[in-house]
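Read left to right, the sequence shown gives residues -19 to -1, 1 to 189 (mature numbering (1 follows the signal peptide of the UniProt record, and there is no 0)). The beta carbon of each residue, even a glycine, is placed where N, CA and C say it ideally should be. Only a predicted model underlies this, so the values are computations on that prediction, with no experimental measurement involved. Following: one structure in structure tokens, then a few remarks.
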Amino acid sequence: NCRMKELLLLSVLFTVVDAEKYQFPSARAILFKASAEGDGNPGEVVGTVDFWQQDGKVTLNGSVRGLAPNQKHGFHVHQFGDITKGCANAGGHYNPKTKDHGAQDAPIRHYGDLGNIVAPANGIVDISNSDTYLSLNGPYSIIGRALVVHEKEDDLGLGGDEASKQNGNAGARVACGVIAIMEDNGNSVSLLSVSSSILLTLAYLFMH
């Protein structure tokens, strides 16, 4: 009986250690073209961006198509996960610390400031980026918020006017998507299921 308890206790410890690898969920934003009418639902799917948090940073990988070629486009996380009305309902940049807008590497910036993505001649952008401000959990999680691509180049807060400090004068929203938790082929683990396993094992130990 004691031996069984020891084995069960070891299994709890290994479960906790193993769960450390999965404390950060992966996430995905499916990007939709902003509706031309501006008052309906999102249009066609134009891209996908995956998020993964590890070692204190969030990595973004994906692509978006249909952008104006040979041009920079503002790229941000916005406050709300409502992507109706031509993406207008997503609100402003995600800015929980109420700072001025800036470049991704600026000391003063919004949490959602990701700079620009550059569309080549075919209008298809491959996205590969990482950021230390973004988080997929905790009080400043971006889960449930929106990823937005803009029509114009973001001036990174250097435009000299008030709008520059708020949105970088990046213009209309041309695509957006809700950042949602993703479970892909068992690579992400539900913390609820891990916690339940631990509690059941501990209950067995104390009852026997």
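Next item on the list: Since I believe F56 is in contact with N97 (beta carbons under 8 Å), could you give me their beta-carbon distance rounded to a whole number of angstroms?
Entry: About 6 Å separates the two Cβ atoms, so the contact holds.
Notebook entry, point to check: Among A8, E143, L115 and Q52, which residue has its Cα nearest to the Cα of V130?
Noted result: Out of A8, E143, L115 and Q52, Q52 has the C-alpha closest to the C-alpha of V130.
Notebook entry, point to check: Can you check whether the CB of N148 is closer than 9 Å to the CB of H82?
Noted result: It is a contact, given that the beta carbons lie within the stated cut-off.
Notebook entry, point to check: Can you tell me the Cα-Cα spacing of I64 and A127, whole angstroms?
Noted result: Annotation: I64 to A127 spans about 7 Å, alpha carbon to alpha carbon.
Note to self: Using 8 Å as the cut-off, can you tell me whether the stretch 21 to 41 makes contact with the stretch 73 to 81, which would need three or more C-beta pairs spanning the two stretches below that distance?
What the structure shows: The stretch 21 to 41 and the stretch 73 to 81 do not touch, with fewer than 3 CB-CB distances between them shorter than 8 Å.
Margin query: I need the boundaries of the alpha helix (DSSP H) containing S122, first residue and last residue.
Written below: For S122, no alpha helix (DSSP H) run applies, since DSSP gives it neither H nor E.
Next item on the list: Please report how far the alpha carbon of L12 lies from the alpha carbon of V155, in whole angstroms.
Entry: Looking at the two C-alpha atoms, the distance is approximately 10 Å.
Next item on the list: Could you please give me the residues that DSSP links to A156 through a beta bridge?
Entry: According to DSSP, A156 bridges with K14 and V130.
Notebook entry, point to check: Mind checking Y114: buried by the 16 CB within 10 Å criterion, or exposed?
Noted result: By the Cβ-count criterion, Y114 is buried, with 16 or more other Cβ atoms from all chains shown falling within 10 Å of its own Cβ.
Check: Rounded to the nearest angstrom, how far is the Cβ of A161 from that of A15, given a contact under 8 Å?
Finding: The C-beta distance from A161 to A15 rounds to 19 Å, too long to meet the 8 Å contact threshold.
Next item on the list: May I ask you to report which of helix, strand or coil DSSP gives Q147?
Entry: Reduced to three states, the DSSP call for Q147 is helix.
Check: Closest to Q85 by CA distance: which of D31, G138 and T29 is it?
Finding: Selected option, being the one with the closest Cα: G138.
Notebook entry, point to check: Between S116 and the rest of its own chain, which residues show a CB-CB distance below 6 Å, the 5 nearest in sequence each way excluded?
Noted result: Here the set comprises S122.
Margin query: Which same chain residues end up closer than 6 Å to M163 when comparing Cβ atoms and leaving out the 5 residues on each side of it in sequence?
Written below: Excluding sequence neighbours, M163 sits near S7, A8 and R9.
Notebook entry, point to check: Relative to the C-alpha of P88, which residue among D112, F61, E143 and A69 is closest?
Noted result: For the set D112, F61, E143 and A69, the Cα lying nearest the Cα of P88 is the one of D112.
Next item on the list: For N150, count neighbouring C-beta atoms within 10 Å of its own C-beta (all shown protein chains included) and say buried if the count is 16 or more, exposed if not.
Entry: Buried, by the Cβ-count rule.
Next item on the list: To the nearest angstrom, report how far apart G141 and E132 are at their CA atoms.
Entry: The alpha-carbon atoms of G141 and E132 are separated by roughly 20 Å.
Item checked: Those residues which DSSP pairs with D94 across a bridge -> Paired residues: H57.
Margin query: Taking the beta strand (DSSP E) that L41 belongs to, which residues open and close that run?
Written below: Judged by DSSP secondary structure, L41 falls within the beta strand (DSSP E) whose first and last residues are K38 to V45.
Notebook entry, point to check: Rounded to a whole number of angstroms, what is the C-alpha to C-alpha distance between V45 and G67?
Noted result: Between the alpha carbons of V45 and G67 lies a distance of about 17 Å.
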